[in-house]
Each structure stands twice: as C-alpha cells, then as structure tokens.
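One structure is given here, and the rest of the page talks about it.
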C-alpha cells in the first residue's frame with residue numbers, strides 16, 4: 031500500500047449501524063425550524079424593499095402606519111411574473127431532461143445501491159446564457175426585466191416553493207421510503223424523502239442545481255443593465271461582483287459531479303427548507319451585492335479593488351482545491367496529494383477519513399475558502415451600509431451550523447475513529463482560530 035495509513039489508538043470497536051433518518055432528525059434544526067419558517071420569507075421581502083426603495087439602507091418603521099405601508103409594499107404576482115416563472119421553470123426542466131450530458135452514479139445509499147444522475151448543467155448553463163442574451167438582443171424582453179419585475183417574481187416563486195413543498199410532503203407520506211417524525215409541520219419543513227424522484231428526474235438535485243443558481247446570475251446581469259440605464263455607467267464594483275459570482279457558478283457546473291458528495295444531497299431530506307432555500311433564498315439574497323451597487327455606482331480605490339480580487343482568488347483556490355482533493359481521494363485513494371502519499375484513517379466501517387493536504391489543515395477548510403470569497407463579494411460594496419454584508423453574516427452562521435451537524439453525525443457514525451480524526455485535525459474551519 032502506497033498511502034501512509036494513520037493508525038487509530040488501539041483497535042476501534044465495530045460501530046453499530048447508524049440510522050441516517052434518525053441521525054438527520056437528531057442533528058437537525060431542533061426547535062429553530064419554526065422561527066426559520068416564520069421569519070425567512072418576510073426577511074427576503076424586507077431586504078428587497080430596502081434595496082428597491084431605500085438604496086440598501088436598513089428601514090425601520092417608527093409607527094403603525096409605516097409598518098402597514100411596509101406590509102402593503104409586498105407585491106402580488108403579475109401576468110409578466112407568472113409568464114416568466116412558467117417559462118423559466120419549464121425551460122430548465124426541459125434542459126435537465128434533454129440537454130446533452132453523461133449519466134453518473136451517486137454516492138452509495140444505505141442499501142449499497144447508487145442512484146443515476148444526469149450531469150448536464152454545463153450545457154444548460156451556456157444554453158441559458160446564450161438564450162437570455164439572444165432574447166434581449168432581439169428586443170423581445172428588455173435586459174432590465176428581472177430587476178423591474180423582481181418583486182412580483184419573488185412572490186410568484188415563493189408561492190411556487192410552498193406548492194412544491196406541499197407536493198413533496200404528500201409524495202413522501204405516500205412513499206414506502208418515507209422518513210417522518212410524526213410531527214406534521216417539522217416533517218413539512220425538513221422533508222419526508224431523501225431522494226424524491228419522478229421517474230429518473232431527481233427533484234432535489236434539480237432544485238439545488240438549476241433554476242435558483244442560474245436565476246441568481248441573470249438577476250445580477252439585469253441589475254447591471256439597470257445601472258447602465260439609470261447612471262449611464264457600469265461601475266467597477268458591479269463588474270467585479272458580477273464576474274466573481276458568474277465565475278463561481280461556471281466553476282460549479284464545470285465540477286458539477288462534486289455536488290453528489292455534498293451534505294445536502296447525501297443527508298438532507300427534501301422539504302420546505304431546501305425547496306425555499308434553493309428557489310427563493312439563493313437567487314434573491316445572494317444577489318444583494320449587485321442590488322446594492324445599482325444605487326451606489328461609485329468606484330473603489332485601485333488598491334481596494336486589487337485586494338478584493340486577490341482575496342476572491344485565494345478563497346477560490348482554497349475552496350476548489352479542498353473539494354477536489356476529497357473528490358479525487360474518494361475516486362482513487364492511491365493518488366498522491368501535494369506530491370506525497372495520502373494520509374488517512376481507516377475506519378472500522380471500512381471507509382477512509384482523509385487527513386492530509388487541505389484536509390490535514392482543517393476538517394472543513396473548503397468552508398473557509400467559501401467564506402473568503404463571500405467576504406470579497408461583500409467588500410465590493412464598501413462599508414457605508416450593513417445590509418450588503420448580510421450574506422457573509424448569514425453564510426458564516428450556515429457553515430458553522432452545518433459543520434457542527436456534520437461533526438456530530440460523523441461522531442455517531444465513526445465513533446472512536448472520528449475522535450482520532452479530531453485529534454489529528456483539531457481545527458474545524460479556520461486554522462488557528464476555530
């Protein structure tokens with residue numbers, strides 16, 4: 031064996047099989063699921079109103095009349111928004127079904143089987159971008175359409191996400207593969223199936239990887255077009271944030287197969303949480319920086335722009351390098367890492383825990399890289415207002431929470447082997463800090 035196997039301290043006892051459904055419930059969201067369901071939808075509307083009406087400043091109503099006015103600002107769907115959503119989701123479904131791409135097997139399920147997934151996001155990305163460009167170039171739809179209709183589109187997709195969540199709950203309840211807790215609203219929130227499918231069409235992967243992510247990119251480009259229309263310029267920060275986030279999505283689809291080994295796909299059941307998050311939260315909150323820059327067309331100093339670019343590049347190197355090491359190790363444990371044999375812990379369950387390269391520095395260094403890029407995106411907005419930094423604040427909480435869940439899950443799964451891994455790699459996300 032060419033790898034350097036890291037021995038465990040003593041012989042690891044055979045671990046009892048872990049029930050993934052019970053573990054996801056045990057290491058889930060506890061009692062926080064109800065506040066999340068109640069607060070997240072209004073929060074998305076609130077941030078959009080702050081961007082659209084108050085130039086990105088936090089707006090705090092000081093009277094009942096102002097609060098009522100804020101509530102009345104929530105838009106109803108329009109004919110244009112409904113038509114767009116129908117065409118958008120219909121088009122993305124057709125691309126998922128018929129765009130060219132290869133079929134790959136996902137990670138092993140509890141029974142050892144693997145589900146097939148069609149990896150054609152790369153083709154769908156470019157077809158979507160070229161199609162959107164053609165539609166705008168021909169004058170059929172103005173380039174500013176998404177920004178002009180952003181509120182009604184937000185409402186329409188929010189309603190769609192609730193409708194889909196109800197369908198998923200009922201589908202899961204009727205399936206022999208369901209996983210439920212007996213608490214109706216919690217099951218609605220967290221989901222009742224791990225891999226809900228219609229034939230070979232995987233609903234979770236589609237929502238995770240298609241309409242929300244691509245809409246995020248198009249919203250950014252539409253906001254940049256609106257900045258040109260209003261201010262007759264597209265500022266350097268706007269160009270930077272659009273390119274940073276476009277590259278992030280392009281890279282995501284270039285390495286699309288890696289999503290099959292993520293926590294969401296492997297462990298999260300598909301319910302309201304992921305449905306609302308994928309379809310509403312991602313496109314309408316991840317585009318906050320572009321929305322803010324629309325009304326703040328000022329350029330940053332050259333030194334600040336260069337520093338932000340360097341931070342984004344370094345974050346990408348850490349993020350992508352970490353994920354690629356794990357993916358390649360899973361495919362071929364014999365492959366060297368940084369020119370040396372890979373170090374790992376052989377677990378009693380038969381799997382290997384990588385403990386070298388980026389994975390020897392921190393147990394989730396990929397999260398550190400992701401947060402570095404997130405900070406770079408926020409810094410394009412300067413430091414005058416807090417709202418553009420919501421993304422880095424929320425994303426830090428999300429990744430720390432996810433790392434904690436993953437750590438507890440792995441400890442239950444691997445037992446003393448995971449304790450040995452913690453000793454070998456003591457840092458969770460930020461080396462020397464956390």
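Residue numbers (this note's numbering): 31 to 464. No residue lacks a Cβ here, since even glycine has one placed at the ideal position from N, Cα and C.
Is it right to say residue 345 is buried, meaning 16 or more other beta carbons lie within 10 angstroms of its own, or is it exposed? Around the CB of residue 345, 16 or more other CB atoms lie within 10 Å, so the residue is classed as buried.
How many whole angstroms separate the CB atoms of residue 254 and residue 338, which I take to be in contact at a CB cut-off of 8 Å? At roughly 17 Å, the Cβ-Cβ gap does not stay under 8 Å, so residue 254 and residue 338 are not in contact.
Using only the alpha-carbon positions, how far apart do residue 92 and residue 105 sit? 22 Å
Taking the straight line between their C-alpha atoms, what separation do you get for residue 111 and residue 186? For residue 111 and residue 186, the gap between their C-alpha atoms comes out near 7 Å.
Three-pair Cβ contact test at 8 Å for the region 317–332 versus the region 250–270: yes
DSSP on residue 85, reduced to helix/strand/coil? If DSSP states are grouped into helix, strand and coil, residue 85 belongs with coil.
Check for me: the beta strand (DSSP E) holding residue 134 runs from which residue to which? 132–135
With DSSP as the reference, please indicate the residues paired to residue 141 in a beta bridge. Answer is none; residue 141 lacks a bridge partner.
According to the neighbour-count rule (16 or more other Cβ atoms, all chains shown, within 10 Å of its Cβ), is residue 362 buried or exposed? exposed
Closest by CA to residue 272, which one among 308, 76, 79, 318? 318
Quick one, are the C-beta atoms of residue 417 and residue 80 less than 8 Å apart? yes
Considering only residues of the region 196–274, which uninterrupted alpha helix (DSSP H) runs meet the minimum length of 4 residues and lie entirely inside it, listed in chain order? 214–220, 233–239, 241–261
If you draw a straight line from the C-alpha of residue 147 to the C-alpha of residue 235, how long is it? 9 Å
Name the one or two DSSP bridge partners that residue 383 has. 375
What residue range is occupied by the uninterrupted beta strand (DSSP E) comprising residue 147? 146–149
Can you grab the Cα-Cα spacing for the pair residue 358 / residue 365, in whole Å? 8 Å
Quick check: what's the CA-CA separation for residue 333 versus residue 340? Straight-line Cα distance between these residues: approximately 11 Å.
Could you round the C-beta distance between residue 397 and residue 429 to whole angstroms and report it? I think they count as a contact, below 8 Å. Confirmed, about 4 Å.
In angstroms with no decimal places, state the Cα-to-Cα distance between residue 36 and residue 386. With a pLDDT of 40 at residue 36, under the threshold of 50, the modelled position of that residue is not reliable, and no figure is offered here.
Do you know offhand how far residue 74's Cα is from residue 205's? 33 Å
C-alpha distance - residue 381 paired with residue 395, whole-angstrom precision: The alpha-carbon atoms of residue 381 and residue 395 are separated by roughly 21 Å.
Spatial distance of residue 118 from residue 154 (CA atoms): 12 Å
According to the Cβ coordinates, are residue 435 and residue 393 closer than 8 Å? no
From the DSSP secondary-structure annotation, give me the bridge partner or partners of residue 443. Its beta-bridge partners do not exist; DSSP assigns none.
Helix, strand or coil for residue 422 per DSSP? helix
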